[in-house]
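Numbering (our numbering), first residue to last: 94 to 278.
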């Protein structure tokens, strides 16, 4: 839990990054770990947590900094991050959820060509009950979300930018093994 609670924003600005509802945060974080992070680590080796739980105060500060065009903090609004980075609050539909921004070092070490992030995205899509993934350019870091009633959507700030898949797109169903074959260490 220590890795999940650490926040650069909180450390730099003196915020306490602790849940108001620890039971809900632990329940959501447990599901994130058991259903996504642990199976991912079993398959690829150690993963690195870049950001995970954020208190509403920490997330709100990071969101305001983004709106004020200050560099370094890329937090979405508290409303958008409930049942995502804010684990101890349910979303507008009452669903529990949790998000962690992670890096898979063994994958990054072997797959750095343009578009390679998609190989990992498709492997996760085919093997794990994620809700959403959002990929970033640095080390193919990505937000990996677990949520009750998962969305099953993959987006990216990396080329090709935008939505890779979501329900209703022709590429969403079926096996994607030809797109990820050979990525396991």
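Yeah, the Cβ is synthetic: ideal placement off N, Cα and C, and Gly gets one too.
Out of the options, state which residue places its alpha-carbon closest to the alpha-carbon of residue i.
i	options	result
residue 97	139, 135, 269, 195	195
residue 181	216, 243, 152	152
residue 178	109, 122, 249	122
residue 227	257, 166, 242	257
residue 128	244, 239, 255	239
residue 192	232, 143, 139	143
residue 150	135, 219, 137, 175	175
residue 312	130, 125, 253	An answer regarding residue 312 cannot be provided, because it is not within the stretch 94 to 278 covered by the chain.
residue 138	199, 217, 236	199
With 16 other CB atoms within 10 Å as the buried threshold, where does residue i fall?
i	result
residue 186	exposed
residue 112	buried
Could you please give the first and the last residue of the uninterrupted alpha helix (DSSP H) stretch that includes residue i?
i	result
residue 200	198-203
residue 257	Counting along the chain, residue 257 falls outside any alpha helix (DSSP H), though it belongs to the beta strand (DSSP E) covering 255-258.
residue 122	115-125
residue 134	131-137
residue 271	270-273
Counting only beta-carbon separations shorter than 9 Å, does residue i have a partner in chain C?
i	result
residue 241	Any reference to chain C falls outside this structure, which holds one protein chain only.
Which residue marks the beginning of the beta strand (DSSP E) containing residue i, and which one marks its end?
i	result
residue 142	141-144
residue 248	246-249
Look at the Cβ atom of residue i, then the Cβ atom of residue j, and state whether they are nearer than 9 Å.
i	j	result
residue 133	residue 197	yes
residue 224	residue 203	no
residue 109	residue 156	no
residue 251	residue 190	no
residue 249	residue 206	no
residue 272	residue 188	no
Please give the ranges of any beta strand (DSSP E) in the segment 164-238, keeping only runs that are unbroken, at least 3 residues long and fully inside the region. Segments of the beta strand (DSSP E) lying fully in the segment 164-238: 190-196, 225-228.
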